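Going down the list, the protein sequences come from chains V and F.
Using our numbering, the first residue of the first sequence is number -7, and each one after it goes up by one.
Using our numbering, the first residue of the second sequence is number -7, and each one after it goes up by one.
Every residue, glycine too, gets a C-beta built ideally from N, C-alpha and C.
All figures in this text were calculated on a predicted structure; none of them were measured in a lab.
Number of protein chains: 2
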Amino acid sequence: MADNEDCPISRLRLISMINRDSHSFIKSRLGDIDINSGQFPLMFLLYYHDGINQGTAALKLNLDKGTVARGMMRLEDSGLIIRKKDDHDRRNYRLSLTPAGRLAMERLHEIRAELESSLVAGMSDEDRRELDRLLQLMHRNVSEVPDG
Amino acid sequence: MADNEDCPISRLRLISMINRDSHSFIKSRLGDIDINSGQFPLMFLLYYHDGINQGTAALKLNLDKGTVARGMMRLEDSGLIIRKKDDHDRRNYRLSLTPAGRLAMERLHEIRAELESSLVAGMSDEDRRELDRLLQLMHRNVSEVPDG
DNA sequence: ATAATTAAGTTGCATAAACAACGGTTGTGT
DNA sequence: ACACAACCGTTGTTTATGCAACTTAATTAT
């Protein structure tokens, strides 16, 4: 690993590469499930938070609301979720998995488990805890930097 | 951090968020330097590897050669690098920073240092070593997973 | 009640990046 | 020498994502 001299932003490059490889891992496993890797986290969010709206989904996943809007539309087109206008506040959509979506989740859980265990293969429990702590710290650090 | 139940792919989300926040950090600091965050690593690579060609650059940065080609074209348009056909093998471009590019690097080094120290703020030296080790392990793990 | 404000979603536009198909160059094998 | 393979770079297309402008719905302040 001669990357220390080669690439002084190696931590950043590593993070970026892990991110891309993970997307590509997910894509390679989706088979006939009609979603893309970008919709993967949306499906899990709906699995755990039935009836959530798009704005809250964006907040929870730390994504732009436009990104979430388009992702959810695509999931709706694929028949995996439904978006129903909230009768009490018609600005909101209430998002839920359809039966087809719940079925797909079985496979998505497997894919997630496989990816998670690939990622942390060869790490002790202590390593994994450390990793989570350090990732969370980095995230807080870099998301709180003042603009400009 | 109630994200354990919320978001079973939290490690992945964290990585993705750190990546995006880092890009946005870089963008916010570029000021009048006419590049985007995607060209940031290209500039550093040329700083350390004058005369490199695009294919090797792609390998070193783990990027697609098309991505590198477009990035380098943009840097050339901005006057920060030159691409000269290799006389001995005219398939190759030999890439170098221009004087303007070298000047820009002074600022880019500062930005990189600021970002790096933001990222690992609050970490001990031991933490940083652990972080690097675990990131490298994750990268190897996920890039070596067999396809399909 | 009406105007002003805030909130939710949508959409246009830009960037980052991959992948695949293609077009020149160079190198090889017969 | 010529055909074929390997290599480098380009370009079209797709996805992931952000940001900003806009629409419609609800809320608040006068």
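Below the 8 Å Cβ cutoff, chain F contributes Ile10, Asp13, Ser14, Phe17, Leu107, Ser110, Leu111 as neighbours of Val134 (chain V), in chain order. Per DSSP, the unbroken beta strand (DSSP E) holding Ser88 (chain F) starts and ends at 85 to 89. In the DSSP annotation of this structure, Arg82 (chain F) is not part of any beta strand (DSSP E), being labelled neither H nor E. A direct Cα-to-Cα measurement between Phe17 (chain V) and Gly47 (chain F) gives close to 24 Å.
Of the candidates F:Arg82, F:Tyr39, F:Arg120, F:Glu106, F:Tyr39 places its Cα closest to the Cα of Pro91 (chain F). In this chain, the alpha helix (DSSP H) harbouring Ile10 (chain V) covers 2 to 21. As a beta-bridge residue in DSSP terms, Ile74 (chain F) pairs with F:Ser88.
Contacts with chain V (Cβ-Cβ distance below 8 Å) from the region 47 to 58 of chain F involve Lys52, Leu53, Asn54, listed in chain order. DSSP, read as helix, strand or coil, puts Asp42 (chain V) in coil.
When 7 Å is used as the limit between beta carbons, Asp119 (chain F) is near these residues of chain V: Leu126, in chain order. The beta carbons of Gln31 (chain F) and Leu6 (chain V) sit no closer together than 8 Å. Distance between Gly114 (chain F) and Asp13 (chain V), taken at the CA atoms: about 28 Å.
Measuring C-alpha to C-alpha distances from Ser110 (chain F) to each of V:Ile25, V:Arg86, V:Asn54, V:His131 identifies V:His131 as the nearest.
Inclusion of Met35 (chain F) and Ile44 (chain F) in the CB contact set at 8 Å is not warranted, their separation being larger than that value.
Here Arg75 (chain V) really is in contact with Leu87 (chain V); their C-beta atoms are around 6 Å apart, less than 8 Å. Residues of chain V with a Cβ closer than 7 Å to the Cβ of Gly30 (chain F) do not exist, since the nearest Cβ in that chain sits about 10 Å away. In the structure shown, Leu55 (chain F) adopts coil according to DSSP, grouped into three states. The Cβ atoms of Arg3 (chain F) and Asp124 (chain V) lie closer than 8 Å to each other. Under the 10 Å beta carbon count, Met65 (chain V) is surrounded by fewer than 16 other beta carbons and is classified as exposed. Taken through DSSP and simplified to helix, strand or coil, Met115 (chain F) comes out as coil. A Cβ-Cβ contact shorter than 8 Å links Leu89 (chain F) with Ile73 (chain F). When the Cα atoms are used, Val60 (chain V) and Pro33 (chain V) turn out to be separated by approximately 10 Å. Taking each of V:Met9, V:Gly93, V:His41, V:Leu55 in turn and checking the Cα distance to Asp69 (chain V), the smallest one comes out for V:Gly93. Rounded to the nearest whole angstrom, the CA to CA distance from Val112 (chain V) to Asp119 (chain V) is 9 Å.
Nearest C-alpha to Glu106 (chain F) among F:Gly71, F:Leu22, F:Ser8: F:Leu22. Listed along the chain, the chain V residues whose CB falls inside 7 Å of the CB of Leu129 (chain F) are Gly114, Met115. Closer than 8 Å to the CB of Glu102 (chain F) there is not a single CB belonging to chain V. The residues Tyr39, in chain order, have a CB closer than 6 Å to that of Met97 (chain V) in the same chain once the five nearest residues on each side in sequence are set aside.
The shortest CA-to-CA distance from Asp117 (chain F) to any of V:Lys77, V:Arg121, V:Leu126 is the one to V:Leu126.
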